[in-house]
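The block underneath contains the structure these notes are about, expressed in structure tokens.
Number of protein chains: 2
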Amino acid sequence: MDLALAAFELAKADGLASVRVPQIAEAVGVSPRTFNNYFPSKEAAIVFPTSLRAARMANDLADRPASEPLASALIESVACLYGPEGQDGLPDGWLDGFRALVAAEPALHGEYLKAMAAGERDLADAIASRIGAAADDLEPFVLAAVVVAAERAAVLHWFRQTTRRSPLADVVRAAIDMAVRGLTATSC
Amino acid sequence: MDLALAAFELAKADGLASVRVPQIAEAVGVSPRTFNNYFPSKEAAIVFPTSLRAARMANDLADRPASEPLASALIESVACLYGPEGQDGLPDGWLDGFRALVAAEPALHGEYLKAMAAGERDLADAIASRIGAAADDLEPFVLAAVVVAAERAAVLHWFRQTTRRSPLADVVRAAIDMAVRGLTATSC
DNA sequence: GCACTAACTTGCGTACTACGCAATACATTC
DNA sequence: GAATGTATTGCGTAGTACGCAAGTTAGTGC
Chain A
1 MDLALAAFEL AKADGLASVR VPQIAEAVGV SPRTFNNYFP SKEAAIVFPT
51 SLRAARMAND LADRPASEPL ASALIESVAC LYGPEGQDGL PDGWLDGFRA
101 LVAAEPALHG EYLKAMAAGE RDLADAIASR IGAAADDLEP FVLAAVVVAA
151 ERAAVLHWFR QTTRRSPLAD VVRAAIDMAV RGLTATSC
Chain B
1 MDLALAAFEL AKADGLASVR VPQIAEAVGV SPRTFNNYFP SKEAAIVFPT
51 SLRAARMAND LADRPASEPL ASALIESVAC LYGPEGQDGL PDGWLDGFRA
101 LVAAEPALHG EYLKAMAAGE RDLADAIASR IGAAADDLEP FVLAAVVVAA
151 ERAAVLHWFR QTTRRSPLAD VVRAAIDMAV RGLTATSC
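Those protein sequence lines, which keep their order, are chains A and B. Reminder that position 70 of the first sequence reads as 70 in my numbering, one-by-one numbering, no gaps. Reminder that position 74 of the second sequence reads as 74 in my numbering, one-by-one numbering, no gaps.
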């Protein structure tokens, strides 16, 4: 969606507060009313790509061979979203934008969390069908929530770091591995 | 804060959409402007008690004896927030309100997530000081995120259930236990 | 008792967002 | 060619967010 991209670019350049909905609409060549037909707010538009990526996670998990252990399948389905920029990993400029916007603006942080939560539901379904759980089983929901939480913690932690000792994908991988293994392997 | 309580009650009675900020202010006896001095939106006001409860989690963890294993300390600090209604557990009417509002309205769900995320940061600090981690260590953040995520998954799952086979506190306990143990004990 | 300060509250005005409604344009189908 | 469905738009309205300045109240030191 062009609107989402334009909103993202404008917000990255001028800051979220100074971007106006009519401005975004004009950049794409539609009316402000049309913008609101697609997005309820500029925040939602900016985060839209993230929610797409979150939705992809469940698909990636479903595409993995059923023979693969759940733990590694989870780790890889998530981590491949943070592969090298450009290809199927991160879109260009996402890192800069994320740092400047989502990590900084509380309003966007809320939208980001909502997007992740939406993806979490899909992931829970994918997990449930993979481990053959009943529909009202608690476990898939907890697993999905835990994995997404670890992913989010890793991303935020990576942005907090001043010195970059390892690429984002590796940090995400480590975090999910940590979450999947639980406290058993750590300092009890 | 009276405003938060009034907002909650009014929203519970009339639905979120039909509650107006001036209405909330009038119910407490202040001006609408004063409302916005304290809360940026009615959603934030409604969720305010939840964010207080989230903040309490970190304190509860810090108050637990250092000799207690981290896993059980985490489980209990969270689960005691969901104790029997009235005392130090859930405030009266919280369950009904939560089901009718937070679980149903997407806007409130976003605020709820933000509140949980804020509490998560405090929890991460408490965990870090408990296990003596460095400030830039990934582990406390992942642990905090995982625990909060499991808590949230349990609450939402409990509300999705039509038949209540066990009290909320037990479900929360089970979820956090599950998260803390990781995938090791489950279907790999 | 008297000024002084700080925190809280309020009214006013402004900018912006959200959205219902109705009208239009365009493409698709029968 | 007529009918139907979808996308877009302008307009109008309701409501929220917030800066600013003025007023109130409580507390403090002299």
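All residues carry an ideal CB built from backbone N, CA and C; glycine is no exception.
Using the beta-carbon count (16 or more within 10 Å), is residue i buried or exposed?
i      : result
D2/B   : exposed
R152/A : buried
Y112/B : buried
P140/B : buried
A134/A : exposed
T50/B  : buried
G29/A  : exposed
For residue i, I'd like the list of residues in its chain whose CB is within less than 8 angstroms of its CB, leaving aside the five on either flank, ordered along the chain.
i      : result
R130/A : L61, A62, A66, L70, A73
A55/B  : A118, G119, D122
H157/A : V171, A175
N36/B  : V21
A44/A  : E111
Y38/A  : M1, L3, A45
D14/A  : none
T162/B : none
D125/A : A58, P140
Taking 8 angstroms as the CB-CB cut-off, is residue i touching chain A?
i      : result
A153/B : yes
R53/B  : no
E111/B : yes
R181/B : yes
A117/B : yes
Which residues in the same chain as residue i place their Cβ atom closer than 6 angstroms to its Cβ, once the five residues preceding and following it in sequence are excluded?
i      : result
A103/B : F159
E105/A : L16
S18/B  : none
R53/A  : L81
A6/A   : I24, A27, V28
A128/A : P140
A107/B : E43
N59/B  : none
L143/B : I127
G93/B  : none
Taking the Cβ atom as the reference point for each residue, do residue i and residue j lie within a distance shorter than 8 angstroms?
i      : j      : result
I46/A  : A115/A : no
A118/A : A149/B : no
F100/B : K42/B  : One detail in the question is off: residue 100/B reads as Ala in this sequence, not Phe. No.
V172/A : V155/A : yes
A10/B  : A27/B  : Ala is not the amino acid found at residue 10/B; the sequence shown has Leu there. Yes, the Cβ-Cβ distance between L10/B and A27/B is below 8 angstroms.
G83/B  : A169/B : yes
I75/B  : D137/B : no
R181/A : G182/B : yes
G132/B : F8/B   : no
When the cut-off is 8 angstroms and only beta carbons count, does residue i lie next to chain B?
i      : result
A149/A : yes
V21/A  : no
F35/A  : no
G114/A : The question names Gly, but residue 114/A in the sequence shown is Lys. Answer yes: the Cβ-Cβ gap between K114/A and chain B drops below 8 angstroms somewhere.
L141/A : Correcting the residue type first, residue 141/A is Phe in the shown sequence and not Leu. At least one chain B Cβ lies under 8 angstroms of F141/A.
V146/A : yes
M178/A : yes
Got a sec? Which residues, its chain only, sit under 7 angstroms from residue i by beta carbon, not counting five neighbours each side?
i      : result
M57/B  : S77, V78, L81, G119, L123
P22/B  : P32
H189/A : Since the first residue of chain A shown is 1 and the last is 188, residue 189/A is not available in this structure.
S187/B : Bear in mind that the predicted position of S187/B carries a pLDDT of just 48, short of 50, making it too unreliable to give a figure here.
E68/A  : none
*Given a limit of 7 angstroms on CB to CB distance, which residues of the segment 123-138 of chain B reach chain A?*
Listed by position, the residues of the segment 123-138 of chain B near chain A (Cβ gap below 7 angstroms) are I131, D136, L138.
*Scan the segment 51-83 of chain A for residues whose Cβ lies nearer than 8 angstroms to a Cβ of chain B and list them as they occur along the chain.*
Of all residues in the segment 51-83 of chain A, only P69, L70, A71 place a beta-carbon less than 8 angstroms from a beta-carbon of chain B.
*Select from the segment 156-175 of chain A all residues with a C-beta closer than 8 angstroms to any C-beta belonging to chain B, and list them in chain order.*
Residues passing the 8 angstroms Cβ filter: L156, H157, R160, Q161, V171, A174, A175.
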